[in-house]
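Take a look at the structure below.
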Ligand code: NAD
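Residue numbers (the working numbering): 110 to 384.
Structural data, given as structure tokens:
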């Protein structure tokens, strides 16, 4: 039995299915992490590099990626900085092409880039709405569409999308919760479409993680970041707020060879159950 790949090649079933047997190791792969200049993206890029991957560190400004690249190369890994706005098709195509040319064809994509434009509905501007939907949802769509052809050619791929506990609803985040819920739908649909080509697609949905993004939220609410974290931590079952590595470890698993039979899932990383 054969199928036609997205790049038009014939593909036999036995080539699609990863070998059964022992837990597979991680052969060298190329990953792209968007929004990797700082926060969860930077921690994820460092984690994937520690797993043995060469990593394209993508963010709005290539210069802002220098610290993440240095952390990886100083530890003996391979990484390059790539500047691109994930919501712009031409920049996405150029960035993916640069990574493929300099590191090799990408096999792992982490759609992490994100912004907040929080406001209650009656004060939310169209620009607030469009900006958040563009970066999170259109960005993940454009990046996935560009990278999938490299994954299909390799008959292997791992896409991990950053959703959020806010997908379940959060006051002041109509735009963000819609984008993060949309990413869950995108995840499940891409898992169905790309599964036959050895590509898994999953989402990680963090709760409160201490990063520049949540520090900015505290500032907007007029509370210190320390007080904000303490208030949130008291409501989390494990009684602390999340750290970037809490998310990076889960992404590392979903990006690994061994996660080959997990696809279309949303994993909440929130120190307790959410539904
Ligand atoms: P952050 O603000 O610290 O980092 C986001 C990065 O994305 C920045 O480096 C920024 O420059 C980059 N970025 C923004 N727009 C971009 C664009 N158009 N193109 C390319 N890069 C762009 O954020 P973070 O807290 O590390 O969050 C990372 C992801 O995790 C986001 O998708 C966020 O929505 C999600 N998330 C975060 C939390 C949390 O509590 N921090 C919780 C749930 C989900």
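Virtual Cβ for every residue (Gly too), placed ideally from N, Cα, C. These figures come from a predicted structure and were not determined experimentally.
Can you tell me whether DSSP reads residue 118 as helix, strand or coil? Because the pLDDT of residue 118 is 39, which lies under 50, any placement of that residue in the model is unreliable, and the question is left without a value.
Who pairs with residue 355 in a beta bridge, going by DSSP? Answer is none; residue 355 lacks a bridge partner.
What first and last residue would you give for the alpha helix (DSSP H) that runs through residue 155? 148–159
To the nearest angstrom, how far is the alpha carbon of residue 152 from that of residue 291? 24 Å
Helix, strand or coil for residue 237 per DSSP? Look at residue 237 here: in three-state DSSP terms it is helix.
Compute the distance between the beta-carbons of residue 304 and residue 253, then report whether it is under 8 Å. no
Skipping 5 residues on each side, what residues in its chain have a beta carbon closer than 8 Å to that of residue 160? 135, 361, 364 and 365
Quick one: what does DSSP say residue 198 is sitting in, helix, strand or coil? helix
Taking 8 Å as the threshold (beta carbon to beta carbon), is residue 188 in contact with chain D? The chain inventory of the structure shown lacks chain D, comprising one protein chain alone.
DSSP has residue 350 in a bridge; who is on the other side? Paired residue(s): none; residue 350 is not in a bridge.
Using DSSP's beta-bridge definition, name the partner residues of residue 81. Because the chain here runs from 110 to 384, residue 81 falls outside it and cannot be looked at.
Could you tell me the distance, in whole angstroms, from the CA atom of residue 139 to the CA atom of residue 220? Whole-angstrom Cα-Cα distance: 15 Å.
For residue 263, collect the residues of the same chain with a Cβ closer than 7 Å to its Cβ; drop the 5 residues on either side in sequence, then sort them by chain order. 214 and 216
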